[in-house]
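All residue numbers for the sequence shown refer to the working numbering, where the first residue is -12 and numbers rise by one.
Note that beta-carbon positions come from the ideal geometry of N, C-alpha and C, so glycine has one too.
The structure appears below as C-alpha cells.
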Amino acid sequence: MTNLVIPEPKKTLIPVHGSDEFFPVRRVYCIGRNYAAHTIEMGFDPDKEPPFFFQKNTDNIDTSGQFPYPPESSDVHYELELVVALNKGGSNIKEEDAYDHIYGFGIGLDMTRRDLQGVCKKMGRPWEIGKAFERSAPMGSLTPMSEVGKMESGSIKLQVNDEVRQDGDLDMMIWKIPEQIAILSKFYDISAGDLIMTGTPAGVGPIVKGDKLIGTIDGLQTLNVEVV
Ligand code: MN
C-alpha cells in the first residue's frame, strides 16, 4: 500500500443510469462554438473557424442537482451540452473508428462566468477563470451507447423556470462526434475516463439564484439543476 502524506483527493464518479455502477472521470474536454446559431450569437463566423477545445477540471463535475452561484461574477450563463464518455483511449484515432471509443452519453451544463471569459478573450488570456471553476459542470447520469445508440440527431433543449431557452438538434453540430474524437486525439492521448462536452445550441443566457434548469436530450436522463 502507498503511504500518502495527505488524504487522497476524492475521485470524480458519474452514476450510470439504471444501475449501481459509476463512470470514473479522468479529463473533461469541451469544444467551443460547435453550433452555427450559437457561434453567430457569440459574434463569430461559423464558416471560417476550425474547431478548438478547452478543458474543465475533473472535480468541477457536480451531480448533486444544485449549482451554487459562483463568486467574482455577475453574469453567469448556462450552456446545455451533450456529454460523450469514452471507454477507450488512443492517439490519431480515425473518424470511422471513433464510436469504438465511446461508452455512453449524458447531459451536462458548461456553466460560464461570461463576464470573466469576456475579459480573457479581450486580453488574449486563457479561459479557465471563466470556465473551469467550482461546480461549473453540473451533470446527470450516463446512459450506455448500447442502450441509446450513436446520438447523431435528436432534440436538445433547456428550460429555465418553465420557459424554453435553448432548443436545437444534435444534428446541428458543426463538428460531429467522430470528428471531435479524431481531432482531439491528434493533439492529446485521449483515454478511458475522458469526457467530451460537445458544444451548446443557441440561446445561452444568464441565470440567477432560485432558477430551475431542466435539460433534456432525446433518449437520455433529464438533468435538473437548481441555482442556489
Ligand atoms: Mn460550451
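Worksheet item: Does the distance from the C-beta atom of residue 174 to that of residue 135 stay below 9 Å?
Response: no
Worksheet item: Closest by CA to residue 189, which one among 140, 25, 19?
Response: 25
Discussion item. Below 8 Å, is the gap between the Cβ of residue 91 and the nearest heavy atom of the ligand MN?
Written reply: no
Discussion item. Quick check: the Cα distance between residue 141 and residue 204, rounded to an integer number of angstroms?
Written reply: 7 Å
Fill in: Three CB pairs or more closer than 8 Å across the region 59 to 70 and the region 88 to 107
yes
Worksheet item: Three-state secondary structure (DSSP) at residue 16?
Response: strand
Discussion item. Just to check my reading of the structure: residue 50 and residue 132 have Cβ atoms closer than 8 Å, yes? What is that Cβ distance to the nearest angstrom?
Written reply: The pair is not a contact, with the Cβ atoms about 20 Å apart (cut-off 8 Å).
Item to complete: Alpha carbon to alpha carbon, how far is residue 10 from residue 213? Give it in angstroms, no decimals.
Response: 23 Å
Worksheet entry | Selected residue, minimal CA-CA separation from residue 80, among 27, 192, 170, 52 | 170
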